[in-house]
Amino acid sequence: MTPLRTLATAARVLRQLSHDPRSIALLLLAPSLLVGLFAWLMSEDEAAFARTGGPILALFPFVLMFLITSVTTLRERRSGTLERLMTTPLGKADFVLGYALAFGLAATLQAIVTVSFAVLVCGLETTGPIWQLGVVAVLDALLGTGLGLLASAFARTEFQAVQFMPVIVFPQILLGGLLMPRDHMPEALHTISDWLPLSYAIDAVNAVTAGTEGWDLGKPLVVIVGVTIVALVCAAGTLRRRTL
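Under our numbering, the residues of the sequence shown are numbered 4 to 247, in order.
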């Protein structure tokens, strides 16, 4: 792995995104629209939005980045672009980290837009600093990117990549603490939720909105970063050099 090749890969991905207005709109605007729709739905119950609005900020970036990353990677493999790149000195780690860097920048812009919209337009109240909410949103998006890259290594078509969502994404939504507090779940489901990274993403958002600091906020952030790194390493290790 070399920094120049990683940066070149990231620049190539960003150039491709810049020529795809639909992907840009999906990345930057879709989360805000979904948060706005959710706030509108909860307009008659402000307490409900105050309770669930924060976790929604953890959910949408994660889901969208997982979907976009996995589909984009599969598209490059199916078109033969990945196979051509692998004949150059570009290493697997350069490819994976380049993608993570490019989508990390996109995730940062997404977090700025989404968090600003949620706080300024939808009236989401947070006791902790708003910038912390942005940091958590970025880390959640990077988590989705890492898992999306890993899922793409086991899929052969874009449709198969989407099919991983019921396996990887939906259980985390159900058990992550969005629908009900995790400590109210049956013991077996609570134990399973402890092994799901999105649970810690939601815990981190809840900690920020409640103004919690220290290890209560630091622990879920450490888990998110750790799972993201493991996912990226595994994605690089399982990346195939030949198109099937």
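No residue lacks a Cβ here, since even glycine has one placed at the ideal position from N, Cα and C.
None of the values given here were measured: they were computed from a predicted structure.
Margin query: If you reduce the DSSP assignment to three classes, tell me which class PRO92 lands in.
Written below: coil
Item checked: Terminal residues of the alpha helix (DSSP H) in which ALA132 lies -> It is Pro, not Ala, that sits at residue 132 in the sequence shown. That residue, PRO132, is in no alpha helix (DSSP H); it is neither H nor E in DSSP.
Notebook entry, point to check: Are the region 39 to 50 and the region 68 to 75 in contact at 8 Å, needing three or more beta carbon pairs?
Noted result: no
Check: Rounded to whole angstroms, how far is the Cβ of ALA204 from the Cβ of LEU146, which I believe are closer than 8 Å?
Finding: 7 Å
Next item on the list: Kindly give me the distance between the Cβ atoms of GLY131 and ILE115, rounded to whole angstroms, as I take these residues to be in contact under 8 Å.
Entry: In fact, because the Cβ distance is near 17 Å, the residues do not count as touching under 8 Å.
Check: Short check: CB of LEU199 to CB of GLN175, under 7 Å?
Finding: yes
Note to self: With distance defined between alpha-carbon atoms, name the residue in LEU40, ALA105, PHE167, THR12 nearest to CYS125.
What the structure shows: LEU40
Next item on the list: Note down, in chain order, each residue of its chain lying with its Cβ closer than 7 Å to the Cβ of PRO34, except the 5 sequence neighbours on either side.
Entry: PHE63, PRO64, LEU67, GLN113, THR117
Notebook entry, point to check: For ILE59, is the classification buried or exposed, using 16 other Cβ atoms within 10 angstroms of its Cβ as the cut-off for buried?
Noted result: buried
Check: Is THR246 helix, strand or coil by DSSP?
Finding: Only weak support exists for where THR246 lies, its pLDDT of 49 falling under 50; the coordinates are left without a value.
Next item on the list: Using 10 angstroms around the beta-carbon of ILE232, count the other beta-carbons present and answer buried if the total reaches 16, otherwise exposed.
Entry: exposed
Note to self: Quick test of your reading: ALA234 and VAL139, contact by CB under 8 Å. State the CB separation rounded to the nearest angstrom.
What the structure shows: Between VAL139 and ALA234 the Cβ distance is about 17 Å, and since that is not below 8 Å, they are no contact.
Next item on the list: Take GLY107 and list the residues in its own chain whose beta-carbon comes closer than 6 Å to its own, dropping the five residues that flank it on each side.
Entry: LEU145
Note to self: Between which two residues does the alpha helix (DSSP H) holding TRP218 run?
What the structure shows: 218 to 241
Checklist line | Test item: CB-CB of SER202 and GLY221 under 7 Å | finding: no
Item checked: 6 Å CB neighbourhood of LEU29 in its chain, flanking five on each side removed -> none
Next item on the list: Would you identify the three-state DSSP class for TRP43, choosing helix, strand or coil?
Entry: helix
Notebook entry, point to check: Are there 16 or more other CB atoms within 10 angstroms of the CB of ALA3, so buried, or fewer, so exposed?
Noted result: Here the chain comprises residues numbered 4 to 247, so residue 3 is not present and cannot be evaluated.
Next item on the list: Keeping to the same chain, check which residues put their C-beta closer than 6 Å to that of THR241; ignore five residues upstream and five downstream.
Entry: ALA156
Check: Distance, Cα to Cα, THR215 vs ASP206?
Finding: 10 Å
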